[in-house]
Structure formats: structure tokens, C-alpha cells
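> Have a look at the structure that comes next, please.
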Amino acid sequence: PPPLSREEKRRRRRATAKYRSAHATRERIRVEAFNLAFAELRKLLPTLPPDKKLSKIEILRLAICYISYLNHVLDV
Numbered sequence: 001p002p003p004l005s006r007e008e009k010r011r012r013r014r015a016t017a018k019y020r021s022a023h024a025t026r027e028r029i030r031v032e033a034f035n036l037a038f039a040e041l042r043k044l045l046p047t048l049p050p051d052k053k054l055s056k057i058e059i060l061r062l063a064i065c066y067i068s069y070l071n072h073v074l075d076v
């Protein structure tokens, strides 16, 4: 059989259980870090009620508004 191309070698390596398991572990760690960053940002934002559950997009939008507000306070 002809030698495998670089792409074919990569495809076969990615098909192994060991590779998939390692990839899943890396992805889980990445998602945990991502969620932790949002939780930390959430703690810094004032909301009513204080324990209100916010989606990630709500956290980002509120952070933008809060930063804008703080800049305005500093300018006055």
C-alpha cells in the first residue's frame, strides 16, 4: 500500500480512543475555565436582586454598561 499522507495520518490518530479521551479532557478543562471567568466577572457586577441568575450574554452586556457608567463617573 502507498504511504499515508500527512492528513490521513492525522485523521487516523484522531480516531483513536486515547486521542478522543485526551481531547475531551482538554475541552472539559477549557469549558470549566471559561465558566469560572464568567462567574468571577458576574461577582463584580451590581444587579437587583444580587443573586439574580444571568446568562453569559447578559453578563457581557451588563459589564459593558457598567464599564461605561464607571467611565462616566470618572469624567464628572
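full-length UniProt numbering numbers the first residue of the sequence shown as 1 and each following residue consecutively.
Just so you know, even glycine gets a beta-carbon here, dropped at the ideal spot from N, CA and C.
Which first and last residues belong to the alpha helix (DSSP H) in which residue 87 is found?
Because the chain in this structure spans residues 1 to 76, residue 87 falls outside the shown range and cannot be described.
> Would you kindly report the start and end of the unbroken alpha helix (DSSP H) that includes Lys53?
Taking the sequence shown and counting its residues from 1, the one referred to as residue 53 is at position 53. Looking at the DSSP string, Lys53 is not in any alpha helix (DSSP H), and its letter there is neither H nor E.
> From Leu74 to Ala33, what distance separates their C-alpha atoms?
The residue you call residue 74 lines up with position 74 of the sequence shown. The residue you call residue 33 lines up with position 33 of the sequence shown. Rounded to whole angstroms, Leu74 to Ala33 spans 32 Å at the Cα level.
> Less than 8 Å between the CB atoms is what I'm expecting for Arg42 and Leu60, so what's the real figure, rounded?
Taking the first residue of the sequence shown as position 1, residue 42 is located at position 42. Taking the first residue of the sequence shown as position 1, residue 60 is located at position 60. The pair is not a contact, with the Cβ atoms about 10 Å apart (cut-off 8 Å).
> Leaving out the 5 sequence neighbours to the left and right, which residues in its chain are closer than 7 Å to Ala63 when beta-carbon positions are compared?
Here the question's residue 63 lines up with position 63 in the sequence shown. Excluding residues within five positions, the ones whose Cβ falls inside 7 Å are Leu41 and Leu45.
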